[in-house]
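Quick note: the sequence shown uses our numbering, first residue 2, plus one each step.
Structure, as structure tokens:
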Amino acid sequence: MSHIRCSSPVAWRDLIHPVVAGLISVIINYGGTFILVFQAAKVAGLGPELTASWVWSISIGVGVSGIILSWITREPIITAWSTPAAAFLVTALASTPYAQAVGAYMISAAAFVLLGLSGCFERVIRLIPPGVAAGLLAGILLQFGIGAFAGMSVDPLLAGLLIVAYVLFKRFTARYAVVGILVLGLVFLLVQERVDLSGLTLTLAAPVFSGPEFSLNALLSVALPLFLITLTGQYMPGMLVLRNDGFKTSANPIVAVTGLGSLLMAPFGSHAFNIAAITAAICTGREAHEDPSKRWIAGVAAGVCYIVVGVFGVTLAAVFMALPATFIATLAGLALLGTIGASLASAMADSKTREASLITFLASASNITLLGIGGAFWGLLIGLVAYVLLNARLTQQAPVSASGPASINNGGH
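Here's what the structure looks like:
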């Protein structure tokens with residue numbers, strides 16, 4: 002595990018911003034992408050008990066791993082379930098028996114444990130130029146920034162209120178801008194009675210153990226794609242988010258711990274959890290706290306929220322999913338504005354890598370999907386190829402003398 006940093010004592014006033022940042026990241030995760038888990042469970046034909054167990058296992062696993070990693074490293078290590086993997090499972094589980102899928106989850110998780118222990122992933126991360134990494138992050142987050150304003154055409158009153166309030170908060174009390182729009186938006190929705198909590202009953206989730214089965218078909222059709230999709234779509238951009246905000250914790254313990262957690266929770270339904278990418282940016286930047294040494298609190302806060310949701314299973318997840326899509330999209334986009342701006346500034350700062358960084362940004366923002374692999378991987382690959390081609394040193398030709406080329410005069414070949 003990476004070295005532990007000593008941080009200054011945490012005052013109560015230091016808790017507000019990172020705790021709210023952690024809460025917002027959790028709300029956006031459940032409100033934005035968790036529907037994929039329910040869709041995959043439905044495709045797999047899982048009943049209420051197994052679905053609740055899936056929610057329990059992934060929420061508890063994400064929460065515990067995030068708390069452990071953030072506490073030990075004193076950095077905001079935000080964990081989450083693999084969203085691209087959940088999207089993949091919506092189709093994959095239609096033709097794979099559930100027991101074999103659980104076996105595939107375990108194989109994929111074990112591969113991540115081995116990857117983390119090998120140390121290979123950290124070496125790969127260090128090879129990526131900072132400008133290209135910043136361009137990748139800006140490209141990934143661009144759609145969320147656009148989404149903050151796209152809601153104006155769907156729900157102009159709600160989106161307009163949040164946008165205007167954000168600008169006013171930024172003008173008069175910048176530190177409380179994100180906190181302000183979260184509270185204001187929730188109050189507005191409750192006053193308008195747009196969040197129906199009347200039928201809500203808190204019920205404890207009960208984990209259900211499902212014995213795994215292993216097959217070559219599930220290995221090739223589920224485990225291998227699950228590993229590659231999670232590696233390229235979650236771990237790679239997630240680590241670059243941390244690096245972009247100046248955090249230096251090694252990727253190796255993060256991959257190993259989340260992989261081990263996924264392995265332990267797989268028999269209860271968890272498909273994969275990992276370091277977060279998009280929602281992590283809410284907790285790693287200045288909006289979480291001006292002092293980077295205090296931002297680890299956001300990781301702990303997010304972990305606690307995940308555990309609370311996991312304990313009550315589907316119930317609280319349903320609450321987050323009941324929030325209007327416009328509210329989730331606008332809140333996410335506004336919370337990420339600072340990170341998007343800082344990433345663009347960092348990507349364009351170095352004139353030598355500016356064009357490669359711009360290409361990375363545009364390729365990532367286009368969200369290319371090929372061979373079942375998402376836009377983060379292809380954006381990074383295209384950006385790295387552009388970086389190499391634009392910055393590689395060309396072999397200089399030897400000067401030609403009056404008697405002919407130097408290579409000939411020297412008997413060269």
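The C-beta atom is built at its ideal place from N, Cα and C for all residues, glycine as well.
Pull up the distance between the alpha-carbon of residue i and that of residue j, whole angstroms please.
| i | j | result |
| --- | --- | --- |
| residue 330 | residue 207 | 31 Å |
| residue 112 | residue 232 | 11 Å |
| residue 403 | residue 250 | Note that residue 403 scores a pLDDT of 43, beneath 50, so its modelled location is shaky and nothing firm can be said. |
| residue 384 | residue 371 | 16 Å |
| residue 280 | residue 184 | 19 Å |
| residue 266 | residue 301 | 20 Å |
| residue 18 | residue 362 | 29 Å |
| residue 65 | residue 392 | 43 Å |
| residue 401 | residue 390 | Bear in mind that a pLDDT of 46 at residue 401, under 50, signals an unreliable position, so the model cannot answer this. |
| residue 165 | residue 173 | 12 Å |
| residue 101 | residue 72 | 35 Å |
| residue 60 | residue 30 | 11 Å |
| residue 203 | residue 274 | 25 Å |
| residue 171 | residue 313 | 36 Å |
| residue 229 | residue 193 | 44 Å |
| residue 57 | residue 304 | 13 Å |
| residue 352 | residue 358 | 10 Å |
| residue 108 | residue 356 | 40 Å |
| residue 310 | residue 62 | 11 Å |
| residue 15 | residue 223 | 44 Å |
| residue 320 | residue 127 | 40 Å |
| residue 253 | residue 154 | 44 Å |
| residue 293 | residue 131 | 19 Å |
| residue 264 | residue 54 | 15 Å |
| residue 397 | residue 354 | Its pLDDT being 47, under 50, residue 397 is placed unreliably in this model, and the value from its coordinates should be taken loosely. Approximately 22 Å between the Cα atoms of the pair. |
| residue 295 | residue 367 | 34 Å |
| residue 272 | residue 259 | 12 Å |
| residue 98 | residue 82 | 21 Å |
| residue 190 | residue 307 | 23 Å |
| residue 205 | residue 382 | 44 Å |
| residue 152 | residue 85 | 24 Å |
| residue 324 | residue 169 | 24 Å |
| residue 377 | residue 129 | 14 Å |
Using the DSSP secondary-structure output, state which residues sit across from residue i in a beta bridge.
| i | result |
| --- | --- |
| residue 275 | 81 |
Can you tell me whether residue i is buried or exposed, with buried defined as 16 or more other CB within 10 angstroms of its CB?
| i | result |
| --- | --- |
| residue 20 | buried |
| residue 120 | exposed |
| residue 212 | exposed |
| residue 288 | buried |
| residue 277 | buried |
| residue 92 | exposed |
| residue 96 | exposed |
| residue 182 | buried |
| residue 27 | buried |
| residue 43 | exposed |
| residue 32 | buried |
| residue 147 | exposed |
| residue 75 | buried |
| residue 78 | buried |
| residue 380 | buried |
| residue 221 | exposed |
| residue 315 | buried |
| residue 133 | buried |
| residue 239 | buried |
| residue 286 | buried |
| residue 188 | exposed |
Could you give the C-beta distance for residue i and residue j, rounded to a whole number, given that I count them as a contact under 8 Å?
| i | j | result |
| --- | --- | --- |
| residue 215 | residue 268 | Between residue 268 and residue 215 the Cβ distance is about 13 Å, and since that is not below 8 Å, they are no contact. |
| residue 245 | residue 135 | 6 Å |
| residue 365 | residue 158 | Between residue 158 and residue 365 the Cβ distance is about 32 Å, and since that is not below 8 Å, they are no contact. |
| residue 142 | residue 282 | 6 Å |
| residue 24 | residue 186 | Incorrect: roughly 13 Å between the Cβ atoms, too far for contact. |
| residue 80 | residue 67 | 4 Å |
| residue 70 | residue 255 | 6 Å |
Kindly confirm or deny that the stretch 337-345 and the stretch 101-116 touch, where touching means at least three C-beta pairs closer than 8 Å.
-> No, the stretch 337-345 does not touch the stretch 101-116.
Do the stretch 44-55 and the stretch 233-242 touch if we need at least three Cβ pairs shorter than 8 Å?
-> Flag = no, the stretch 44-55 and the stretch 233-242 do not touch.
Hey, is the stretch 344-355 in contact with the stretch 163-178, meaning 3+ C-beta pairs nearer than 8 Å?
-> Segments in contact, no.
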